[in-house]
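Notes follow once the structure below has been shown.
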Amino acid sequence: MIQDIDKELSMSKIDALIATGDSTFGNPSLAYVVGASVTRGGIYIKHVGSKPVLLVSEIDVGSAKKGIVQEIRSYSEFGYLELSKKLGDRRAKIEICARALKELGVKGNVCLAGRVEAGNALNWAKGLKEKGFKISVDEDLVDRVRMTKDNNEIDKIRNVGRKTEKVMEAIKRMLSECYVGKDGKLRAEGGEPLTVGDVKAFIRIRLAEENLIASEDTIFAVGAEAADPHNGGAEKTIIPTNTPIVFDIFPQEVGGYCFDTTRTFVVGKASQEVKKAYTDVLESQLLAIDSIRESVPAKEVMRKVCEFLRGRGHKTPIYYTEKNIPMTDGFIHGLGHGVGLTIGEPPFLRLISDEILTEGAVTTVEPGVYYPDKFGVRVEDMVVVRKNKAENLSTFPKEPEIS
372 MIQDIDKELS MSKIDALIAT GDSTFGNPSL AYVVGASVTR GGIYIKHVGS
422 KPVLLVSEID VGSAKKGIVQ EIRSYSEFGY LELSKKLGDR RAKIEICARA
472 LKELGVKGNV CLAGRVEAGN ALNWAKGLKE KGFKISVDED LVDRVRMTKD
522 NNEIDKIRNV GRKTEKVMEA IKRMLSECYV GKDGKLRAEG GEPLTVGDVK
572 AFIRIRLAEE NLIASEDTIF AVGAEAADPH NGGAEKTIIP TNTPIVFDIF
622 PQEVGGYCFD TTRTFVVGKA SQEVKKAYTD VLESQLLAID SIRESVPAKE
672 VMRKVCEFLR GRGHKTPIYY TEKNIPMTDG FIHGLGHGVG LTIGEPPFLR
722 LISDEILTEG AVTTVEPGVY YPDKFGVRVE DMVVVRKNKA ENLSTFPKEP
772 EIS
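If you read the sequence shown in the numbering used here, its first letter stands for residue 372, the second for the next number, and so on.
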């Protein structure tokens, strides 16, 4: 949580944190510490033991005040206009940052954070060194603070989840209302075969209605396409009946938090092979969720799922590690990842993780099995790590068959 930032700085022996960027959009570290959408970005400074300060352009002061930083200062207070004429925008901002650091009494190590391109980051490090500051690198520091969410953040994630599930329900309803042609393919009103492209176009409309955006294309993969976990689904693929569909949707509220959930649908009847795979995956997921609580090593949750699925006849990362060969079928990816302002942040539920689950962390739980040229099955929920039992944020039903 943001309240832990002083603790993290002290543990890393850092006197002050600087987060900067040209915008909070696409910059989760800056967006997190600012707590508001600031179009032109800014310079966030957190001196250990002191309240943070945010420097922004005069035009962005109003937006910045909507966030969680109480002390907002404009660039002009530090002579930005004159400096920019002499030095240009980039070096002027480095100069006013140095002036602010001195005003705050920062003398020790300074850690740079925020998403900036490499050349600009080097210029910041060089410029601040020239002003007498020691620069430290801890690229995961803000991620560690972000990993644990407070109740306000969890409520925001839960709200995105409810909106996401409205979209999912609309898709499920659309599929159920289609009729089956003589060729066994779904047909929507008008008689044309339903394609993945048709479904994705509908998804985009419904996301917009809920004020959600998709940072990447939604996965709607049919049959053999779903045997690749990251195959988004070909737009021209016609949707048949009695065939598994992996529907993975991971939208974000505009300028805010994300949600990530997956269901496997079958319009019609699933084969016995698919039913077994689905049951195995669902039971492994329930086992994982039941295992998640504060102080549990992340890798142990993953290991339990691997052992369970191996017992059901599916290969897992343990098998491939032992054989030292590429993963091709069965359970071939990690069990989960953190979700917040992005859909890929700590904690990571995988065999090589060193993370210990902490109360308030939000993670996906998404086991799946995949069989090339045949099908894939995945079920994904999002949970909050609690002291004694995980809290499941996902409420969408898990019955795969749609009639």
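Glycine included, every Cβ here is placed at the ideal spot set by N, Cα and C. All figures in this text were calculated on a predicted structure; none of them were measured in a lab.
#1: Does the Cβ-Cβ distance between Val567 and Thr614 come in under 8 Å?
#2: State the DSSP-derived secondary structure class of Arg681, mapped to helix, strand or coil.
#3: Please state the DSSP three-state secondary structure of Cys629.
#4: Please look up how many angstroms separate the CB atoms of Gly479 and Asp386, rounded, as I've assumed it's under 8 Å.
#5: Determine the extent of the beta strand (DSSP E) in which Asp619 is found, giving its start and end residues.
#6: Leaving out five residues on either side along the sequence, give the residues of the same chain with a beta carbon under 6 Å from the beta carbon of Pro668.
#7: Can you round the beta-carbon distance between Gly776 and His708 to whole angstroms, since I take them to be within the 8 Å contact cut?
#8: Beta-carbon within less than 6 Å of Val404's beta-carbon, same chain only, minus the 5 sequence neighbours each way: which residues are those?
#9: Can you list, in chain order, the residues of its chain whose CB lies under 7 Å from that of Val432, leaving out five sequence neighbours each side?
#10: So what's Arg444 in DSSP terms, helix, strand or just coil?
#11: Note down, in chain order, each residue of its chain lying with its Cβ closer than 8 Å to the Cβ of Glu730, except the 5 sequence neighbours on either side.
#12: Is DSSP giving Glu587 helix, strand or coil here?
#13: Assuming Ala648 contacts Val740 under a Cβ cut-off of 8 Å, what Cβ separation, rounded to an integer in Å, is found between them?
#14: Of the choices Asp631, Asp521, Phe618, whose alpha-carbon is the least far from that of Val637?
#15: Let me know if Thr699 comes out buried or exposed under the rule of 16 or more other beta-carbons within 10 Å of its beta-carbon.
#16: Using the Cα positions of Arg461 and Glu501, report the straight-line distance between them to the nearest angstrom.
#17: So the candidates are Gly532, Asp599, Lys571, Pro564; which of them puts its Cα closest to the Cα of Gly627?
#18: Report the three-state DSSP secondary structure of Thr612 (helix, strand or coil).
#19: Checking 8 Å against the spacing of the C-beta atoms, do Leu512 and Ala484 come in under that value?
#20: Within this structure, are the beta carbons of Gly322 and Ala605 separated by less than 8 Å?
#21: What does DSSP give as the partner residue(s) for Arg558 in the beta ladder?
#22: Along the beta strand (DSSP E) that carries Val481, what are the first and last residues, could you check?
#23: Using beta-carbon positions only, say whether Glu536 and Thr633 come within less than 8 Å of one another.
#24: Helix, strand or coil for Ala659? Go by DSSP, reduced to three states.
#25: Mark Ala554 as exposed unless 16 or more other C-beta atoms lie within 10 angstroms of its C-beta, in which case mark it buried.
In short:
#1: Within the sequence shown, numbered from 1, the residue matching residue 567 stands at position 196. Within the sequence shown, numbered from 1, the residue matching residue 614 stands at position 243. Against a cut-off of 8 Å, the Cβ pair of Thr614 and Val567 comes out as no contact.
#2: On the sequence shown, position 310 is the one that residue 681 refers to. DSSP places Arg681 in helix when its eight states are reduced to three.
#3: The residue given as residue 629 occupies position 258 in the sequence shown. Cys629: strand per DSSP, three-state reduction.
#4: Sequence index remark: in the sequence shown, residue 479 carries index 108 (1-based). Sequence index remark: in the sequence shown, residue 386 carries index 15 (1-based). The pair is a contact, with the Cβ atoms about 3 Å apart (cut-off 8 Å).
#5: Mapped onto the sequence shown, residue 619 falls at position 248. Start and end: 615-620.
#6: Counting from 1 along the sequence shown, the entry for residue 668 is found at position 297. Answer for Pro668: Ile727, listed in chain order.
#7: Outside the shown range of the chain (372 to 774) lies residue 776, about which nothing can therefore be said.
#8: Here residue 404 is taken as the residue at index 33 of the sequence shown, counted from 1. Result list for Val404: Ala390, Tyr415, in chain order.
#9: Walking along the sequence shown from the start, residue 432 turns up at place 61. Correct list, in chain order: Ile443, Ser445.
#10: Along the sequence shown, one-based indexing puts residue 444 at 73. DSSP places Arg444 in strand when its eight states are reduced to three.
#11: Taking the sequence shown and counting its residues from 1, one reaches residue 730 at position 359. Answer for Glu730: Thr519, Glu665, Val756, Arg757, Lys758, listed in chain order.
#12: Position 216 of the sequence shown holds residue 587. Coil, per DSSP.
#13: Indexing the sequence shown from 1 puts residue 648 at position 277. Indexing the sequence shown from 1 puts residue 740 at position 369. The Cβ separation is near 5 Å, so the contact holds.
#14: In the sequence shown, counting from the first residue as 1, residue 637 sits at position 266. It is Phe618.
#15: Within the sequence shown, the letter at position 328 stands for residue 699. Classification for Thr699: exposed.
#16: Taking the first residue of the sequence shown as 1, we reach residue 461 at position 90. Taking the first residue of the sequence shown as 1, we reach residue 501 at position 130. Answer to the nearest angstrom: the Cα atoms are 15 Å apart.
#17: Position 256 of the sequence shown, counted from the first residue, corresponds to residue 627. Selected option, being the one with the closest Cα: Gly532.
#18: For the purposes of this step, residue 612 is taken as the residue at position 241 of the sequence shown. Looking at Thr612 - three-state DSSP - the assignment turns out to be coil, as it is neither helix nor strand.
#19: For the purposes of this step, residue 512 is identified with residue 141 of the sequence shown, where counting begins at 1. For the purposes of this step, residue 484 is identified with residue 113 of the sequence shown, where counting begins at 1. A contact, by the Cβ cut-off of 8 Å.
#20: In the structure displayed, the chain extends from 372 to 774; residue 322 sits before or after that span and is not available.
#21: Counting from one through the sequence shown, the residue named residue 558 turns up at place 187. Arg558 is bridged to Tyr550, Pro564.
#22: Reading the sequence shown from its first residue, position 110 is the one you call residue 481. Element bounds for Val481: 480-484.
#23: Counted from its first residue, the sequence shown places residue 536 at position 165. Counted from its first residue, the sequence shown places residue 633 at position 262. The answer is no: Cβ separation not under 8 Å.
#24: As a first step, residue 659 is located in the sequence shown; it is residue number 288 there, counting from the start. Residue state, collapsed to three classes: helix.
#25: For the purposes of this step, residue 554 is taken as residue 183 along the sequence shown, with counting starting at 1. The amino acid occupying residue 554 in the given sequence is Asp; Ala does not appear at that position. Asp554 is exposed by the Cβ-count criterion.
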